[in-house]
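S.K.: In case it helps, this note's numbering puts the sequence shown at residues 254 to 365.
Would you mind keeping the following structure in view while I ask a few things?
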Amino acid sequence: MKLVVVCPHFAPDIAPTGTVMTRIVTELADRGHQLHVITALPWYREHAIEDGWGSKLWRTETTSWGSITRVHPFPGKSKSNLLRRALGFVAFSALVAWRGLFAGGFLRDSTA
């Protein structure tokens, strides 16, 4: 089965959500499913995009079980600025939705 997984964190991000979602995707891949994960660039540890991952709004990786599209999470410098965090989440969600539109090709493509 081909599946698209949308989650805010995924390995190598260390957020608890990322750990759980990485495990779920691994288990599904071990069962023979092909997956396309749409997630954020790694940023949880320092609340900033980790070194080596920035400079692009998104990037796509090919894996043995499918692919991963990582999009910019628009983190703010302060966790206490709720308005800034909300705006960042809206921007992230819009970018995920935009990239998700292209996941339909993964689902239709019989060679993916």
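For each residue, glycine too, the CB sits at the ideal point set by N, CA and C.
Return the chain-ordered list of same chain residues with a C-beta closer than 7 Å to the C-beta of residue 270, the five sequence neighbours on each side being excluded.
M.R.: So the list reads 260, 261 and 262, once near-sequence residues are dropped.
S.K.: Going by Cα to Cα distance, which pick from 328, 278, 323 and 308 is closest to residue 236?
M.R.: Given that the chain is displayed from residue 254 to residue 365, the structure contains no residue 236 and the question cannot be resolved.
S.K.: What ranges does the alpha helix (DSSP H) occupy inside the region 285-361, keeping only unbroken runs of at least 4 residues that lie completely in it?
M.R.: 335-353 and 356-361
S.K.: Under the DSSP definition of a beta bridge, which residues are partnered with residue 281?
M.R.: The partner list for residue 281 (beta bridge, DSSP) is empty, contrary to what the question assumes.
S.K.: Rank 349, 275, 340 and 298 by C-alpha distance to the C-alpha of residue 324 and give the top, closest one.
M.R.: 349
S.K.: Which residues in the same chain have their Cβ closer than 6 Å to the Cβ of residue 265, if we skip the five residues on either side of it in sequence?
M.R.: 295
S.K.: Apart from the five residues just before and just after residue 318, which ones in its own chain have a Cβ nearer than 7 Å to its Cβ?
M.R.: 282, 287 and 288.
S.K.: Using CA atoms only, rank isn't needed, just tell me which of 346, 305, 273 and 268 is closest to residue 327.
M.R.: Of all alpha-carbon atoms in 346, 305, 273 and 268, the one lying nearest the alpha-carbon of residue 327 is that of 346.
S.K.: Less than 9 Å between the C-beta atoms of residue 201 and residue 311, yes or no?
M.R.: Examination of residue 201 is not possible in this model, given that the chain is present from 254 through 365 alone.
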